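What follows is a single structure, written as structure tokens, with notes after it.
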Amino acid sequence: MIVTTLKPLDEILESISPYRKILIAGCDGCTQPPRGIREVKTLKQLLELAGQLKGKKFEFKVTSVVKQCDSVLTTSAIKPYVEDVEAVLSLACGAGPQTIAKFFPDLPAIPAQNSHFIGIDDRQEGQMFDSCSACGDCILALTGGICPVTRCSKGLLNGACGGASNGKCELDPERDCGWELIYERLKRLGRLDLIKKFTPAKDYSAKGWRVTP
Amino acid sequence: MSQPVAEPKVAVNINEDYCSRCSICASLCPYDAITQDHDNNIMVLDIEKCQVCGICYSACPAKAIDTIYYSTDSVMKYLEKVRPQYKSDSLVIMCKGSAPDFSEVGKLFGIKDFIPLAVPCVGRISEEVLLGVLVAGVKKINVLACDEDYCRFHRGSPLTGRRVIALNRMLEQLGYGPEAITLKRNSLKVTVDKDLCIACGTCVAYCPYDAPKLESVGGISFDLDACRGCGLCVALCPAFALDLENWERERISDLIPQLLAEMKPPKILVFRCQWADYPPLNGDMSPSIGTIELPCAGRVEAVHVLEALLSGADGVMVVACSEDDCKQEKVSARAEHVVARIKEKLDQIGLGDKIDFAPVSPRYPGQVEEKVREFRQSLEGAKKGTRKGAAE
């Protein structure tokens, strides 16, 4: 999923401060829990409370879009409000405000979330973990299903570097060494032969900037 | 005896002088809180294990157990006091855990007017009360218990079932007809609005009872036999697609301004798990306190807390069972987490001290009062602080 966190409320208040009539748009899409109508309503109430303290009265409208990264779904959801609002505060990942910016050129689109990564939601640990860098050239088949581009701090395609101690990365003692995880996993799968396979430098142009579905 | 008592006052006591050592209490206690001390020939109550269900109280043949909540005397006095308000000779005794709205309760029994008596677990209502109200002139008793396997106190509902059967047999012999006391069972369950569901799986992730199932075709469905009506999924659903009968989001939202309008500052709105603290039957609440009872603290959601603050509450307190006392599956711990997250956000706008989470137990009466007093003092302290700051 896309992992996002709510921006500090001060920052949100600062970015919406030039406007009074604002549409808060949630996104039912990829995050867990989705930043849907509940998050929208909660944020609205928090901003109203903060507004009361600062003597500022906002007029909020609320909606939630099935997927803000989809231009059709987003335009149809936002359109009914366009005449009534001065800005849209988006609870989607970074793609959401950009969809709004692209299809509503006159409407300021303000992010309420910081987008962190494409990650795993590990409920046992109660944490989200960065797991995919969307490099456009997946090599998980060679690395036991663990991405070295993401999980190795150095993004090494051929590891390990030798700097790890007790399975932890030399750059961050709290972080597991990605290549040690790959080694253990390949060993378990009986595919240690794969670790000897050389992966040449990535063709990062494969990541692309547009894709035709 | 004017010295302050070091031992905290407890809600249940065994009076040794009356106790006949029959052990019925020990055999019925769902929590093994009562044991027989053979060496000293006494029954011993471990108050820390006691969940104050009142089953021992209602079953003790020697009336050797005292409880400060819903004792026979207080229930009888209460009924005598409220009876003139109701134009009815029918009484409905209902478990708070399973009773829907009073109008719905009436429909369940096919009656319009009745005298309501809502108690935490009908297992605490003894034969003495049931017969006593008949003697006092009530013509018809209806009892609404939870479904047997849903009873928060495990044995309260089954015990009530046996009690009603036995009493009805006796009453029939006295000419009361075959069903002087009608028993019905009901349990609160989640309701789903499939049109609002976004199939995100949040309920699946958090339900402690594996009640929700999410399928790629067909979306969300709930195994209602597994649902325990705690309301956690309702409080977490990102799409407002879930609700709980009698504790609908709208109903709670409507209650908030109503209560606040009647309160005097500093207004403290308390969201209380109905198992964490038992209010007195007809006690007066402080005019600065308003209480909304919830089926479990898990039903607390940010929307309602913020609504209260926006509607003029000076503080919001969430009263829950301690983690070990939770009648649900560790839901109170989840509630604490939910409240902590709300507090984090309120902290960012300088209102973090307006919310408080208080784990308490009815076994120590007065605990809630104490926590509320502390909270009120901190609210008043904060207020003075800001005023002072402004003056400087």
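Protein chains in written order, with this note's numbering: chain L, 477 to 689; chain E, -5 to 386. The beta carbon of each residue, even a glycine, is placed where N, CA and C say it ideally should be. Only a predicted model underlies this, so the values are computations on that prediction, with no experimental measurement involved.
Against Asp606/L, chain E offers no close residue; the least beta-carbon distance is about 20 Å (beta-carbon pairs closer than 7 Å). DSSP, reduced to helix, strand and coil, places Asp40/E outside both helices and strands of the structure shown, so it counts as coil.
When DSSP states are grouped into helix, strand and coil, Ile283/E belongs to the strand group. With contacts defined as CB atoms closer than 8 Å, Leu583/L and Ile576/L qualify as a contacting pair. A contact between stretches requires three or more CB pairs, one per stretch, nearer than 8 Å, and the region 185 to 201 of chain E fails this requirement with the region 156 to 167 of chain E. Beta-bridge annotation (DSSP): Pro353/E is paired with Ala314/E. Distances from the CA of Ile615/L to each of Leu489/L, Gly602/L and Leu633/L were compared; the closest alpha carbon is that of Leu633/L. Residues of the region 650 to 676 of chain L with a C-beta atom less than 9 Å from some C-beta of chain E do not occur. Within chain L, the residues whose beta carbon sits less than 8 Å from that of Cys194/E are Asp504, Gln508, Pro509, Pro510 and Gly512, listed in sequence order. Gln589/L has Leu482/L as its beta-bridge partners, per DSSP. Contacts with chain L at 8 Å (Cβ-Cβ) do not include Ala20/E. Distance from the CA of Lys101/E to the CA of Asp107/E, rounded to the nearest whole angstrom, comes to 10 Å. With respect to the 8 Å criterion, Gly117/E and Ser52/E are classified as neighbours on the basis of their beta carbons.
The three-state secondary structure of Asp248/E, taken from DSSP, is helix. In the three-state reduction of the DSSP assignment, Arg179/E falls in the strand class. Residue contact with chain L for Leu345/E: present (Cβ-Cβ distance below 8 Å to some residue of chain L). Distance from the Cα of Ser355/E is smallest, within the candidate group Val299/E, Cys320/E, Asn240/E and Glu242/E, for Cys320/E. Within a 10 Å sphere around the beta-carbon of Glu515/L sit 16 or more other beta-carbons, which makes this residue buried. Beta-bridge partners assigned by DSSP to Cys267/E: Leu288/E. At a Cβ-Cβ threshold of 8 Å, Lys517/L and Val538/L count as neighbours. Listed along chain E, the residues sitting closer than 9 Å to Pro484/L by beta-carbon distance are Gln342. Gly150/E sits close to Ile49/E, with the two beta carbons spaced by under 8 Å. The three-state reading of DSSP puts Glu295/E in coil, since its state is none of H, G, I, E or B. The residue from Tyr25/E, Pro110/E, Gln79/E and Ala56/E with its alpha-carbon nearest to that of Glu122/E is Ala56/E.
Proximity of chain L to Leu102/E at the Cβ level (cut-off 8 Å) is not reached, the minimal Cβ distance being about 32 Å. Non-local beta-carbon contacts of Ile596/L in its own chain, meaning distances under 6 Å to residues more than five positions away in sequence, involve Phe605 and Ser607 in chain order.
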